[in-house]
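Have a look at the structure below before the remarks.
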C-alpha cells in the first residue's frame, strides 16, 4: 500500500471516528502550536490565524470541534465576550490515532 493510500485511509478514519476533516485538522495544528508556546488561545486568535476559509466556516468548524470534545472552550473571567480554547477531553485519543 502506498503512502498516499495510507494517509487517505487515516483521513477517512478520522472523519468517521471524530468528524475531523483536513480543515479541522489544520485548526487543531494551529492550536497545538499555541499551546506548545504556553500561549492562551482565544477563538479570535484562531479565526485570525487561519485564512484558508471564511471566518463563518472556520467558526463553525471550531464549534464542531468543541462539540466533539476535541477542543474545550472556557470563558474569560474578565470579559464575558472572550472565549479561550484548550485541549478537549478526546484530543489525546485523536493524537494516539495519528
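Residue numbers (this note's numbering): 50 to 147.
From the three backbone atoms N, C-alpha and C, an ideal C-beta is built for every residue, glycine too.
For residue i, the first and last residue of its enclosing beta strand (DSSP E)
| i | result |
| --- | --- |
| residue 124 | 120 to 124 |
Reduced DSSP secondary structure (H/G/I, E/B, other) of residue i
| i | result |
| --- | --- |
| residue 104 | helix |
| residue 140 | helix |
| residue 134 | strand |
| residue 90 | strand |
Distance between residue j and residue i (C-alpha atoms, nearest Å)
| i | j | result |
| --- | --- | --- |
| residue 54 | residue 63 | 14 Å |
| residue 86 | residue 80 | 10 Å |
| residue 129 | residue 88 | 19 Å |
| residue 52 | residue 60 | 12 Å |
| residue 93 | residue 117 | 20 Å |
Unbroken alpha helix (DSSP H) run spanning residue i, endpoints
| i | result |
| --- | --- |
| residue 53 | 52 to 67 |
When the Cβ atoms of the region 63 to 72 are set against those of the region 110 to 123, are three or more pairs found closer than 8 Å?
yes
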